[in-house]
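One structure is given below, encoded as structure tokens.
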Ligand SMILES: [Zn+2]
């Protein structure tokens, strides 16, 4: 069997810190991620598992959420982020391939077929699926389609549509605006998804300090105002002891 062929619907599961044993992962991932078809799971590198799906639907569904909390037998949670597998996979770099919804607004209803919308979407990336409102034509002002795209690629703001008039043997060009919905960010410096260069704390160390100061301000505000909700919930007897307990709980949450 051609190994690469078998990797057609492949997703990397990247764990943030630690992950359950492989045998347990093979048992719990299909259940907890609602996988319908066959699924092969193998350990790829440290904290990275490779999931190969038999069904395209499972591949799309797995990529439809930015992260999953996988719970092991002991009830411990592990954060796992799905990333599209590509042959250039490296453990210290995340792929720039991602899935995102794009929309075409004010598109004529005559172009609301799958073929026409997929054709427009192919200017952005690889079309994956139409959304339900587009299939059912219940939102005629907007057509939405999920595409696999390269976050580092040249993502167009408009797609040009050439409309031919067969009777007059002429044509005209219409510009269709492309709206990107929640496009994942990618940092070229860190080679990671989740933030861009403007938000990069390696490129802009001053951001760490600002974040730290903002956290400290928030912490001070919270500590100066003991929460009524907390007091009520734990039914604490006096003002002094409630403040002490809240202070300790807040510090524990931050540390
Ligand atoms: Zn960065």
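Residue numbers (the numbering used here): 204 to 458. All C-beta atoms, glycine included, are put in the ideal place defined by N, C-alpha and C.
Reduced DSSP category for residue i - H, G, I as helix; E, B as strand; rest coil
| i | result |
| --- | --- |
| residue 211 | coil |
| residue 342 | coil |
| residue 327 | coil |
| residue 384 | strand |
| residue 415 | helix |
| residue 378 | strand |
| residue 237 | coil |
| residue 353 | strand |
| residue 372 | coil |
| residue 307 | strand |
| residue 477 | What is shown of the chain runs 204 to 458, which leaves residue 477 out entirely. |
| residue 291 | coil |
| residue 218 | strand |
| residue 395 | strand |
| residue 363 | strand |
| residue 336 | helix |
| residue 296 | strand |
Same chain only: Cβ atoms within 6 Å of residue i, ignoring 5 sequence neighbours per side
| i | result |
| --- | --- |
| residue 298 | 286, 287 and 289 |
| residue 341 | none |
| residue 284 | 217 and 270 |
| residue 238 | 261 |
| residue 274 | 280 |
| residue 245 | 253 |
Euclidean distance between Cα positions of residue i and residue j
| i | j | result |
| --- | --- | --- |
| residue 349 | residue 277 | 37 Å |
| residue 309 | residue 336 | 15 Å |
| residue 333 | residue 412 | 43 Å |
| residue 435 | residue 418 | Confidence in residue 435 is poor, its pLDDT being 42 and thus under 50, which makes the residue's placement too unreliable to answer from. |
| residue 240 | residue 232 | 12 Å |
| residue 307 | residue 346 | 5 Å |
| residue 408 | residue 250 | 27 Å |
| residue 224 | residue 272 | 15 Å |
| residue 211 | residue 320 | 24 Å |
| residue 213 | residue 257 | 9 Å |
| residue 370 | residue 311 | 20 Å |
| residue 471 | residue 400 | Nothing in the structure corresponds to residue 471, since the chain is present only between 204 and 458. |
| residue 391 | residue 402 | 11 Å |
| residue 314 | residue 327 | 17 Å |
| residue 361 | residue 230 | 45 Å |
Residue i - partner residues in DSSP beta bridges
| i | result |
| --- | --- |
| residue 229 | According to DSSP, which records beta bridges pairwise, residue 229 is partnered with nothing at all. |
| residue 250 | Beta-bridge pairing links residue 250 to no other residue. |
| residue 245 | 253 |
| residue 403 | Answer is none; residue 403 lacks a bridge partner. |
| residue 301 | 352 |
| residue 284 | 217 |
Supposed close pair residue i, residue j - CB separation, criterion 8 Å
| i | j | result |
| --- | --- | --- |
| residue 302 | residue 266 | 5 Å |
| residue 380 | residue 363 | Their Cβ separation, rounded to whole angstroms, is 11 Å, which puts residue 380 and residue 363 out of contact at 8 Å. |
| residue 331 | residue 382 | The Cβ separation is near 17 Å, so there is no contact. |
| residue 373 | residue 365 | Between residue 365 and residue 373 the Cβ distance is about 11 Å, and since that is not below 8 Å, they are no contact. |
Contacts around residue i, its chain only, beta-carbon distance under 7 Å, and the 5 residues preceding and following it disregarded
| i | result |
| --- | --- |
| residue 397 | 388 |
| residue 395 | 297 |
| residue 404 | 410 and 411 |
| residue 406 | 392 and 400 |
Closer than 6 Å: residue i CB and nearest ligand 3 heavy atom
| i | result |
| --- | --- |
| residue 393 | Ligand 3 is not among the ligands present in this structure, which contains only ligand 1. |
Same chain, Cβ closer than 8 Å to residue i, five either side skipped, listed in chain order
| i | result |
| --- | --- |
| residue 431 | Residue placement at residue 431 is flagged as unreliable, the pLDDT there being 47, under the threshold of 50; a coordinate-derived value is accordingly withheld. |
| residue 291 | 298 |
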